[in-house]
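All letters in the sequence shown, in the order written, are residues 1 to 524 by UniProt numbering.
Glycine included, each C-beta is placed from N, C-alpha and C at the ideal position.
These numbers were taken from a predicted model, which means no experiment stands behind them.
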Amino acid sequence: TKTISKCYVQVTGMTCASCVANIERNLRREDGIHSILVALMAGKAEVRYNPAVIHPSAIAELIRELGFGATVMENCGEGDGILELVVRGMTCASCVHKIESTLMKTNGVLYCSVALATNKAHIKYDPEAVGPRDVIQVIKDLGFTTSLVKKDRSASHLDHKQEIRQWKRSFVVSFVFCIPVMGLMIYMMVMNSHPSDAHTHQNMSSEEREVSHSSMVLDYQLLPGLSVMNFLSFLLCVPVQVFGGWHFYIQAYRALKHSTANMDVLVVLATSIAFLYSFVILLVAMAEKAKVNPVTFFDTPPMLFVFISLGRWLEHVAKGKTSEALARLISLQATEATIVTLGPDNVLLSEEQVDVELVQRGDIVKVVPGGKFPVDGRVIEGHSMVDESLITGEAMPVTKKPGNTVIAGSINQNGSLLITATHVGADTTLSQIVKLVEEAQTSKAPIQQFADKLSGYFVPFIVAVSVVTLLAWIIIGFVDFGIVEKYFLGYSESISPAEVIIRFAFQASITVLCIACPCSLGLA
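What follows is the structure, encoded as structure tokens:
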């Protein structure tokens, strides 16, 4: 008997079904090649050959001569079929042993493991020698009931509904509280710009200064050192910090736990520091019963959270769109197939309905008019028109006659066809497309990887810069107080120079932190 080996060749440069036909037709003629099967989407050819006559490298060379790129794939394990079954009726370890030993004796089964606790069987087999139905039959003959593990066909793991919901909520909360904060801020700016000449003059008496301030409602002090403006901003800022920033805090905590710094860490740092600094300054002002209201940063966290949560929300909506298209693709797959047994002269002997996952390579499948093709295959009998628009986008039906290939998921129109299955399960064109889209979604663009890497350095860098800013201004302040005095708003003699310096230094460093925080790089 001739020994027959199997090899896989990665083929590049195939563009359509005629390329596939070209390769298959030309290689079948060669000596020592038993059979060849080419999958277009996977870019893979499976060749069964006689090793005494021809070598895999020679096969690849033959394909190259036809004008395609070809390399022999080393890991041939790719071709193994994997089967997950639920087995009912096992009572003890001896049942498990019985099933495993019987299956391992079966020709074509490479690996088998049965778990009593979960009633599951995990089987690896060679699709050339044996198929899922044979395996199920073996287990049934032993007296157990068995069924396939139901695959989740809805692609629910791909939808981003939960994330979309959570970021939308985060955005809405931040936005609702951000509007009044913005309003207050703009109002203060406008009001400040009018009497600005008045209260910068140091030669006015303190009473006059008091009057020009308290004429503004928002600067009216509820308690000494606590203005209406600051109090309102504080009240509006707390819910944003808690509800709007909840997810950021969780993510930042996880990142820090693994000692990495991502965008979330920066956002949390900036908003928390701005919030805490403002809060502490208010407490200090109240303790000192200060006449001049301190400069606070309560407007920063809500604004930051609004922009960033909006960005995250839009990002997940976009991801959800891709996934929707993918879910639709998955829903095009047929769920059942009609398998027939043929007698001599292609006479129908029997037919049965089985789950698509149970169709084996080489099965004869009958497809009625209006039915979907459950697997990729080759027509052996019948003439029909087939709508292949799901793959080709071509609305005109394509004529199919014996010898033509058909694609899983396309729709048979007017004639009944018998096809022999060539690619089943995860090898069908449709499954391959789904796999490609999934991979595209999980892999990152090179620029994105670069950005992630940069933001790893970016976060510590920004923190360092803001600390440097803080220290620099403290040093400048103690060396030459005049500079700080010139820039510090609302400086009055009631505060000691040291405190003015410290406050000003903090304001400068928080400004650095907050401006760098949305980091256009990370957002984009």
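Leaving aside the five residues that flank PHE506 on each side, the residues in its chain whose CB is nearer than 6 Å to its CB run, in chain order, TYR277. Straight-line spacing of the CA atoms in ASP31 and PRO56 works out to 13 Å. Cβ contact annotation for VAL38 (same chain, cutoff 7 Å, sequence separation greater than five): VAL11, VAL20, ILE23, GLU24 and ALA45, in chain order. The Cβ-Cβ distance between ILE462 and ILE501 does not fall below 8 Å.
Shown here, ASP355 sits in a strand according to DSSP, grouped into three states. Of the residues assessed, ILE483 falls on the exposed side of the cut-off, its CB having fewer than 16 other CB atoms within 10 angstroms. Segment contact: the stretch 389 to 407 against the stretch 350 to 358, fewer than three CB-CB distances shorter than 8 Å; contact not assigned.
Non-local C-beta neighbours of LYS98 in its own chain, meaning closer than 7 Å and more than five positions away in sequence, comprise LEU142, ordered along the chain. Per the coordinates, the alpha-carbon of PHE504 lies some 25 Å from the alpha-carbon of PHE458.
If the five residues before and after THR469 are omitted, its C-beta is found closer than 7 Å to the C-beta atoms of ALA508, SER509 and VAL512, all from its own chain and listed in chain order. DSSP places VAL38 in the uninterrupted beta strand (DSSP E) bounded by 33 to 39. The criterion of a C-beta distance shorter than 8 Å is satisfied by GLY377 and VAL406.
Cα atoms of THR335 and VAL96: separation of roughly 30 Å, rounded to the nearest angstrom. In the three-state reduction of the DSSP assignment, LYS289 falls in the coil class. SER466 and GLY477 have their C-alpha atoms spaced approximately 16 Å apart. For ARG48, the enclosing beta strand (DSSP E) stretches over residues 44 to 49.
VAL347 counts as exposed, since fewer than 16 other C-beta atoms from the protein chains shown sit within 10 angstroms of its C-beta. Contact annotation, GLU128 with LYS6: C-beta distance approximately 7 Å; criterion of less than 8 Å satisfied. GLU394 is not bridged by DSSP to any residue.
Per DSSP, HIS97 is one residue of the alpha helix (DSSP H) stretching across 93 to 105. In summary, THR422 is buried, with 16 or more beta-carbon neighbours lying within 10 Å of its beta-carbon over all protein chains present. Here the alpha carbons of ALA408 and ILE63 stand approximately 26 Å from one another. Per the coordinates, the alpha-carbon of ASP126 lies some 9 Å from the alpha-carbon of ASN107. Counted as a single uninterrupted DSSP element, the beta strand (DSSP E) harbouring ARG378 occupies residues 376 to 381. Remark: C-beta atoms of LEU103 and ILE123 approach each other more closely than 8 Å.
Annotation: GLY320 is outside any beta strand (DSSP E); the continuous alpha helix (DSSP H) that includes it extends over 300 to 331. In terms of Cβ geometry, LEU283 and THR296 do not form a close pair [threshold 8 Å]. Judged by DSSP secondary structure, LYS257 falls outside any beta strand (DSSP E) and instead within the alpha helix (DSSP H) spanning 246 to 257.
Distance from the CA of THR118 to the CA of MET90, rounded to the nearest whole angstrom, comes to 10 Å. In the displayed model, GLY69 falls within a strand according to three-state DSSP. Taken through DSSP and simplified to helix, strand or coil, ALA121 comes out as strand. In its chain, beyond the 5 residues on either side, VAL87, ARG88 and GLY89 have a beta carbon closer than 8 Å to the beta carbon of THR145. Counting the other CB atoms within 10 Å of its CB gives LYS372 a total of 16 or more, which places it among the buried residues.
Looking at the DSSP output, MET263 bridges to nothing.
Excluding five sequence positions before and after SER350, the CB atoms of its chain that fall closer than 8 Å to its own CB belong to VAL340 and THR341, given in chain order.
With contacts defined as CB atoms closer than 8 Å, VAL379 and ILE419 qualify as a contacting pair.
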